[in-house]
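Going down the list, the protein sequences come from chains A and B. One rule links them: number in this note's numbering = place in the first sequence (from 1) + 39. One rule links them: number in this note's numbering = place in the second sequence (from 1) + 39. Input: a single structure, listed below in structure tokens.
There are 2 protein chains.
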Amino acid sequence: MTATKQIPAYKKIAGDLTRQIQSGKLRQGDAVPSERDLAAQFGVSLMTARHALQEMTTDGLLSRRPNVGTFVAPPRIHFNKLTSFTEEMLARGLTPQSRILTAVLTTREDEACSRLALPAGTELVCIERLRLSGKDPFSIESCYLPAKRFGGILKQHLGRKSLFSTLAALYGVALSYADEEIDATSADARTSRLLAVRPGSPILRMRQVLHGPAEPIIYCAALYRSDRHSLLIRRFR
Amino acid sequence: MTATKQIPAYKKIAGDLTRQIQSGKLRQGDAVPSERDLAAQFGVSLMTARHALQEMTTDGLLSRRPNVGTFVAPPRIHFNKLTSFTEEMLARGLTPQSRILTAVLTTREDEACSRLALPAGTELVCIERLRLSGKDPFSIESCYLPAKRFGGILKQHLGRKSLFSTLAALYGVALSYADEEIDATSADARTSRLLAVRPGSPILRMRQVLHGPAEPIIYCAALYRSDRHSLLIRRFR
DNA sequence: AAGTGGTCTAGACCACGGC
DNA sequence: CCGTGGTCTAGACCACTTC
């Protein structure tokens, strides 16, 4: 009996190694224990230890060299930083504004559930905000979070504070990366009204899944006025 | 005895499913056989069948829904690395096609000049290509390079070979990073005709400046059919 | 109740790198 | 030769969804 305690054994192992890397105990290039060593240390089978190393490898934390060992991967150079709207506006010297359009609990957002790796019908917090630069609207942002964990967030002053900072302060959540999907669409009636553009105008759509160290935390879908904003990215070979 | 024959069993299974997807036998949203079915079909153990599905999932080909099944993921071409169109298509097992629309010298592209940090009126090579996936057009790409240095490139077989590889082979150019600007626009008459969409359809526009180690080398403006393709990016905190 | 993916065991053999 | 990662077996239990 291993007393599963909700958290799978392989996640515990991965978490343990991840903490050692983050604390600096393990550094870039250092060898981590072999599958067999980990299996012995944690009292699990080889496949389970392997699972942990494999997951961390696909996450880019480790690098495996066949017949040699497993090593802490070099930290990637990340030009594309994950910043919140509030942070971004402040960095540009603009005054961030947002107007709450919706702030409810819902069980009907199946797409958001699936992006968050939750079963369809899971209760989510939905916060929809109109983003303004001065008095000009430029985006509509809909964020979805699991209600079970973050239900209390609806009681906060969302109009003023960054959602990121609220999450960090209240729930100790640290966001580590985001996967974004960007495409173009055109403004429907509601969008055109809120963003003050003609119906059918081109709209830049960005759908993000923001991940914590272990799990997806927020699904966020945003529609941007394309005449006001574009996305800047630097990529490396 | 399973007669390993060099290729691991899980790769055979993954290859088999991948071919079924590429041939259209399995389509987006279709369920693929369950782990147990695959194990039985291929005469392997559950873990091995699972390995195949897992690998295809992390590669983005499949999507797994716990307690429900495994499904063919929506096909999306992503551009999160600095790779050429040709490289990208090949990596997906698709046949890259492109049709040259324009290949000329010009002195009238002031925007391109300024992006390349050249005086307005500098002579540039302009190569405009229609990109196709199979027979379906999905983007129009216009590349600009300084004529002084790269004028000879017009004599190459641009329809077949990667521009990247030609630059590397003929001029010893290595590209190191790209700055991109992404926004949304709508299809004008020519664009809609070339991309086979209705005029006014949303179009994803990407303008890149590709830099060598020292200088900007290429300015590239591309228009993508937004219904077929979206941009995938991972950002880090 | 049947089926699914998620986790896990306790072993096994192989090819390869480093000593 | 020994240790490593890579592959694989033949089972198992669980939580969950769907019918």
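A virtual CB, placed ideally from N, CA and C, is assigned to each residue, including glycine.
Which residues mark the beginning and the end of the alpha helix (DSSP H) in which residue i is found?
{"i": "I109 of chain A", "result": "Residue identity check: residue 109 of chain A is Thr in the sequence provided, not Ile. Careful: T109 of chain A lies outside any alpha helix (DSSP H), inside the beta strand (DSSP E) at G108 to V111."}
{"i": "E94 of chain B", "result": "L85 to T97"}
{"i": "L202 of chain A", "result": "L202 to Y210"}
{"i": "Q67 of chain B", "result": "Note, Q67 of chain B: premise wrong, no alpha helix (DSSP H); not H, not E."}
{"i": "R154 of chain A", "result": "D149 to R154"}
{"i": "S62 of chain B", "result": "Counting along the chain, S62 of chain B falls outside any alpha helix (DSSP H), and DSSP gives it neither H nor E."}
{"i": "L233 of chain A", "result": "A228 to L234"}
Give the residues of chain A in contact with residue i, contact being defined as C-beta atoms less than 7 Å apart.
{"i": "A223 of chain B", "result": "A223, P241, I242, L243 and S265"}
{"i": "T97 of chain B", "result": "T97"}
{"i": "L234 of chain B", "result": "Within 7 Å Cβ-Cβ: nothing; L234 of chain B doesn't reach chain A, min ~12 Å."}
Residue i: buried (16+ other C-beta within 10 angstroms of its C-beta) or exposed?
{"i": "I139 of chain A", "result": "exposed"}
{"i": "P47 of chain B", "result": "exposed"}
{"i": "D149 of chain A", "result": "exposed"}
{"i": "L157 of chain A", "result": "buried"}
{"i": "S137 of chain B", "result": "buried"}
{"i": "T41 of chain A", "result": "Reliability fails at T41 of chain A, whose pLDDT of 37 lies under 50, so the model's placement of it is uncertain and no value is given."}
{"i": "K120 of chain A", "result": "Summary for K120 of chain A: the model assigns pLDDT 46, below 50, so the residue's position carries little reliability, and this model does not support an answer."}
{"i": "T109 of chain B", "result": "buried"}
{"i": "P185 of chain B", "result": "buried"}
{"i": "Q45 of chain A", "result": "exposed"}
{"i": "T97 of chain A", "result": "exposed"}
{"i": "M245 of chain A", "result": "buried"}
{"i": "A151 of chain B", "result": "buried"}
{"i": "Q247 of chain A", "result": "buried"}
{"i": "Q93 of chain B", "result": "buried"}
{"i": "P105 of chain A", "result": "exposed"}
{"i": "F118 of chain B", "result": "Low confidence applies to F118 of chain B: its pLDDT is 45, below 50, so where it sits in the model is not reliable enough to give any reading."}
{"i": "P168 of chain A", "result": "Here the sequence assigns Arg to residue 168 of chain A, which means Pro is not the residue at that position. Answer is buried; the Cβ neighbour count reaches 16."}
{"i": "V143 of chain A", "result": "exposed"}
With C-beta atoms as the reference, is residue i less than 9 Å away from residue j?
{"i": "T141 of chain A", "j": "T161 of chain A", "result": "no"}
{"i": "L193 of chain A", "j": "L206 of chain A", "result": "no"}
{"i": "P113 of chain B", "j": "G54 of chain B", "result": "no"}
{"i": "R237 of chain A", "j": "A223 of chain A", "result": "no"}
{"i": "A70 of chain A", "j": "F81 of chain A", "result": "no"}
{"i": "P255 of chain A", "j": "R154 of chain A", "result": "yes"}
{"i": "S265 of chain B", "j": "S231 of chain B", "result": "no"}
{"i": "I221 of chain A", "j": "L202 of chain A", "result": "no"}
{"i": "I166 of chain A", "j": "L262 of chain A", "result": "no"}
{"i": "V111 of chain A", "j": "L65 of chain A", "result": "yes"}
Report the neighbours of residue i on chain A: residues whose CB is nearer than 8 Å to its CB, in chain order.
{"i": "L56 of chain B", "result": "None at all; the shortest Cβ gap to chain A is about 19 Å."}
{"i": "L206 of chain B", "result": "Within 8 Å Cβ-Cβ: nothing; L206 of chain B doesn't reach chain A, min ~12 Å."}
{"i": "L18 of chain B", "result": "Residue 18 of chain B lies beyond the range of chain B shown here (40 to 276); nothing can be said about it."}
{"i": "L202 of chain B", "result": "Under the 8 Å cutoff, chain A gives no residues; its nearest Cβ is about 14 Å from L202 of chain B."}
The beta strand (DSSP E) that contains residue i, what's its start and end?
{"i": "T224 of chain A", "result": "Y216 to S225"}
{"i": "R168 of chain B", "result": "L163 to S172"}
{"i": "I256 of chain B", "result": "P255 to R264"}
{"i": "R244 of chain A", "result": "P241 to H250"}
{"i": "L77 of chain A", "result": "Counting along the chain, L77 of chain A falls outside any beta strand (DSSP E), though it belongs to the alpha helix (DSSP H) covering E74 to F81."}
{"i": "R104 of chain B", "result": "L101 to R104"}
{"i": "P185 of chain A", "result": "D175 to P185"}
Run through chain A and tell me which residues come within less than 9 Å of residue i, C-beta to C-beta.
{"i": "L193 of chain B", "result": "Going along chain A, no residue has its Cβ under 9 Å from L193 of chain B, so there is no contact; the nearest lies around 25 Å."}
{"i": "L100 of chain B", "result": "Simply none; closest approach about 14 Å."}
{"i": "L92 of chain B", "result": "By Cβ distance, chain A contributes nothing, its closest Cβ being about 14 Å from L92 of chain B, past 9 Å."}
Does the distance between the C-beta of residue i and the nearest non-hydrogen atom of the ligand ZN fall short of 8 Å?
{"i": "R75 of chain A", "result": "For the structure depicted, the ligand ZN is absent and the ligand set is empty, with no information on it obtainable."}
For the segment 137-155 of chain B, which residues have a CB atom closer than 9 Å to at least one CB atom of chain A, in sequence order?
-> Within the segment 137-155 of chain B, no residue has a Cβ that lies closer than 9 Å to any Cβ of chain A.
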